[in-house]
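This report refers to the structure that appears directly beneath it.
Residue numbers (my numbering): 0 to 167.
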């Protein structure tokens, strides 16, 4: 609910039950398998599609901003959200985190996906490698993540990303 008190605007938001994925992974030690991670990504992409259909891009879809409660996911903290700018050229986006189009949310979801996948990772060497080498992922999963992270050409929409998510 938006209102004003003594000429100062404010929002009142409902309290939401649940824990963030940050808490689930780092405090509770939850581990997510590849099939579980893909399922979570499908649900999140469906939610992001609904947000985009309302003309909004979240721009902060990180593990502390997604709650899970009784198996249901909720996206929180729209503090960096903005209206989608349909004229913004994806090819000219310098910082995908602040883009006013779908590639921002997809970029963050790429990192979110990696956090889920790394929850099940145990290092076997002291030398760190890139995620493509550390995580034993099928090529189609690597390619999917690389498109989310703009290492490969971006998805044209969250819908395309959802339809392209590998079935494992």
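Ideal placement from N, C-alpha and C gives every residue a C-beta, glycine not left out.
Hey, how far is the Cα of residue 27 from the Cα of residue 60?
-> To locate residue 27, count along the chain shown from 1; it is residue 28. To locate residue 60, count along the chain shown from 1; it is residue 61. Across the structure, residue 27 and residue 60 are spaced so that their CA atoms are roughly 20 Å apart.
C-beta atoms of residue 21 and residue 63 nearer than 9 Å = In the chain shown, counting from the first residue as 1, residue 21 sits at position 22. In the chain shown, counting from the first residue as 1, residue 63 sits at position 64. Judged by their CB atoms, residue 21 and residue 63 are nearer to each other than the 9 Å cut-off.
Pull up the distance between the alpha-carbon of residue 53 and that of residue 93, whole angstroms please.
-> Position 54 of the chain shown, counted from the first residue, corresponds to residue 53. Position 94 of the chain shown, counted from the first residue, corresponds to residue 93. About 25 Å.
Which of helix, strand or coil DSSP assigns to residue 103 | Here the question's residue 103 lines up with position 104 in the chain shown. Note: residue 103 maps to helix in three-state DSSP.
C-beta contact flag for residue 147 and residue 108 at 9 Å = Along the chain shown, read from residue 1 onward, the residue named residue 147 stands at position 148. Along the chain shown, read from residue 1 onward, the residue named residue 108 stands at position 109. The criterion of a C-beta distance shorter than 9 Å is satisfied by residue 147 and residue 108.
Between residue 120 and the rest of its own chain, which residues show a CB-CB distance below 8 Å, the 5 nearest in sequence each way excluded?
-> As a first step, residue 120 is located in the chain shown; it is residue number 121 there, counting from the start. Residues 133, 134 of the same chain have their beta carbon placed closer than 8 Å to that of residue 120, with the five preceding and five following residues left out of the count.
Just grab the DSSP bridge partners of residue 73 for me.
-> Indexing the chain shown from 1 puts residue 73 at position 74. Under DSSP, residue 73 shares a beta bridge with 66.
Write down the C-beta distance between residue 43 and residue 65 rounded to the nearest angstrom, noting that I regard them as a contact closer than 8 Å.
-> In the chain shown, the residue the question calls residue 43 occupies position 44. In the chain shown, the residue the question calls residue 65 occupies position 66. Cβ atoms of residue 43 and residue 65 come within 8 Å of each other, at about 7 Å.
If we ignore side chains and look at the alpha-carbon of each, how far apart do residue 168 and residue 114 end up?
-> Missing from the structure shown is residue 168; the chain here goes from 0 to 167 and no further.
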